[in-house]
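A short write-up of the structure that comes next.
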Amino acid sequence: MIEFHLDAHSGVAPYLQLIHQVRQALRLDLLSEGDQLPTVKDVVGRLAINPNTVLKAYRELEYEGLVAARPGLGTFVTRTLGDGSPATIAPLRRELQRWLAKARRTGLDDESIEALMLTTFRSATEGEENIA
Amino acid sequence: MTAVLKAQGLGRRYRRRWALSDCTLDIPAGQVVGLVGPNGAGKTTLLHLAVGLLQPTAGTIEVLGDRPAASPAQLARVGFVAQDAPTYSGLTVADHLRLGAHLNPGWDAATASDRIERLGLDPRQRAGKLSGGQRAQLALTLALAKKPELLLLDEPVASLDPLARREFLQGLMEAVVDQGLSVVLSSHLVADLERVCDYLIVLVASRVQIAGEVEHLRATHHLLTGPRRDPARLPEDQHVISASHTDRQTTLTVRTEAPIHDPAWVVSPVGLEDLVLAYMSRTAADARRPELEVQR
């Protein structure tokens, strides 16, 4: 079982924060197939948030096929997030580390590197959308 | 979906001052509605009209499809906790529950005693000896045990410390899950309501400035920053809620249904608190500087 928390000042809608936390827990193996998510009443009672917020997050996760609601029992994880096995991630990470070292040698500071990553990531995503 | 509260041109005047004017609302069932606005904006007047403690001077109001306090049956369907959670200081907690059972036909004694037990309140304790948070919880217990379809709460957490405030809202939200009731609660602080509401009404200077589902409000309001320019030259569907300028930069809060394509703007989301403050300060500015409007 995981426990949710909310960052009131992040500007991210609370239901999205709940979704992120479930996805993150799946990536970090804190949640795996068959595990139960906290009940709506549990979340509501803990965080003092609107029940519809929790329902909306759970519905969205259900739509993504990550969880399934079993009436009268609760909401359960149906699959893990297949973000690639360690075997595929490790070489990507090594490449990224080499690239980072190269970027630092050119004199870029961390903030500039982060901005560069973000803008490149964004334009690459947009490019893919345009092609699609 | 049926409306829990429907108002059409609703107004209430005290002598020559309008405490609430031209209020038109249509609140669907099953929501937790936050009624926000500065002190004296008309929040209490609206709630008192909704429970039938006040009669409208203008317009109409319907609660759960009927005139407020039209019949004993109508009264039984609406719960109300007035400001500062009034209780009888000389009566014990148990006395309050007995009183509630006598006065309410649909009283649920099990709900009431369960809640009192979970809260750790001593039934023999006099209400006058309870802490502010405990008194608020007692008042909430009474309101919930009458099993209303709609619960109205006037500034329920204003006088509570942060922990008691959190515990009160936790209890209220659990009750929403258990009983499936609709709630309207007022506060002069948005931060208190941000997590619990899915519908928001901003009431400033006796008028409803905006009302709608929180998700929709979040999606249609944007903070724009960019090089200085005249907000009057924005596309027609972008309504400026607040504007500020430096010699080079313009910062705007706008409401629009359409996406913003102008590349000159950096578009960021507006937090609920900033959104409400933008509406509040707009009204304050309008009231303070009518001459400037004429000059422009």
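Residue numbers (the numbering used here), protein chains in the order written: chain B, 150 to 281; chain P, 1466 to 1761.
Virtual Cβ for every residue (Gly too), placed ideally from N, Cα, C.
Keep in mind the model is a prediction, meaning the values are calculated, not measured.
Start and end residues, beta strand (DSSP E) containing residue i
i: residue 1674 of chain P; result: 1672-1678
i: residue 1666 of chain P; result: 1664-1669
i: residue 1473 of chain P; result: 1468-1479
i: residue 1619 of chain P; result: No beta strand (DSSP E) contains residue 1619 of chain P, which DSSP labels as neither H nor E.
i: residue 1578 of chain P; result: Taken as a continuous stretch (DSSP letters only), residue 1578 of chain P belongs to no beta strand (DSSP E), being part of the alpha helix (DSSP H) at 1574-1584.
i: residue 1691 of chain P; result: 1686-1692
i: residue 227 of chain B; result: Where residue 227 of chain B is concerned, there is no enclosing beta strand (DSSP E), given that its DSSP letter is neither H nor E.
CA nearest to the CA of residue i, picked from the options
i: residue 1494 of chain P; options: P/1688, P/1659, P/1744 and P/1613; result: P/1613
i: residue 1475 of chain P; options: P/1505, P/1519, P/1503 and P/1502; result: P/1519
i: residue 1702 of chain P; options: P/1695, P/1685, P/1712 and P/1710; result: P/1685
i: residue 1617 of chain P; options: P/1676, P/1515, P/1572 and P/1569; result: P/1515
i: residue 1538 of chain P; options: P/1660, P/1547 and P/1528; result: P/1528
i: residue 163 of chain B; options: P/1658, P/1578, P/1692 and P/1725; result: P/1658
i: residue 174 of chain B; options: B/236, B/154, B/235 and B/193; result: B/154
i: residue 1543 of chain P; options: P/1531, P/1550, P/1503 and P/1549; result: P/1531
i: residue 1526 of chain P; options: P/1489, P/1554, P/1629 and P/1708; result: P/1489
Cβ neighbours of residue i in the same chain (closer than 6 Å, five flanking residues each side left out)
i: residue 226 of chain B; result: 180, 182, 184 and 216
i: residue 1681 of chain P; result: none
i: residue 1591 of chain P; result: 1557
i: residue 1498 of chain P; result: 1492, 1649 and 1664
Where the alpha helix (DSSP H) containing residue i begins and where it ends
i: residue 237 of chain B; result: 235-254
i: residue 169 of chain B; result: 163-176
i: residue 1633 of chain P; result: 1627-1644
i: residue 1522 of chain P; result: Where residue 1522 of chain P is concerned, there is no enclosing alpha helix (DSSP H), given that its DSSP letter is neither H nor E.
i: residue 1655 of chain P; result: 1655-1658
i: residue 1589 of chain P; result: Residue 1589 of chain P -> no alpha helix (DSSP H), and no H or E assigned at all.
i: residue 1537 of chain P; result: 1537-1542
Beta-carbon contacts of residue i that lie in its chain and below 8 Å, excluding the five residues immediately before and after
i: residue 1704 of chain P; result: 1719, 1720 and 1721
i: residue 1574 of chain P; result: 1562, 1566 and 1610
i: residue 1738 of chain P; result: 1655, 1656 and 1659
DSSP three-state assignment for residue i, whether helix, strand or coil
i: residue 1558 of chain P; result: helix
i: residue 1527 of chain P; result: strand
i: residue 1552 of chain P; result: coil
i: residue 1743 of chain P; result: helix
i: residue 154 of chain B; result: coil
i: residue 1647 of chain P; result: strand
i: residue 1491 of chain P; result: strand
i: residue 196 of chain B; result: helix
i: residue 189 of chain B; result: helix
i: residue 262 of chain B; result: helix
i: residue 1721 of chain P; result: coil
i: residue 1708 of chain P; result: strand
i: residue 1716 of chain P; result: strand
CB contact below 8 Å: residue i versus chain A
i: residue 194 of chain B; result: Chain labels in this structure do not include chain A; the protein chains are B and P.
Same chain only: Cβ atoms within 7 Å of residue i, ignoring 5 sequence neighbours per side
i: residue 1729 of chain P; result: 1691 and 1692
By the 9 Å beta-carbon criterion, what residues does the region 1637-1666 of chain P contribute toward chain B?
1637, 1638, 1639, 1641, 1642, 1643, 1656, 1659, 1660, 1661, 1662 and 1663
In chain order, what residues of the region 163-190 of chain B put their CB closer than 7 Å to some CB of chain P?
163, 189 and 190
Going along the chain, which residues of the region 1678-1694 of chain P sit with their C-beta nearer than 8 Å to a C-beta in chain B?
1680 and 1683
By the 7 Å beta-carbon criterion, what residues does the region 1609-1634 of chain P contribute toward chain B?
Closer than 7 Å at the C-beta level to chain B, one finds these residues of the region 1609-1634 of chain P: 1631 and 1634.
Tell me which residues of the region 1487-1505 of chain P have at least one Cβ-Cβ distance to chain B shorter than 7 Å, keeping chain order.
1497
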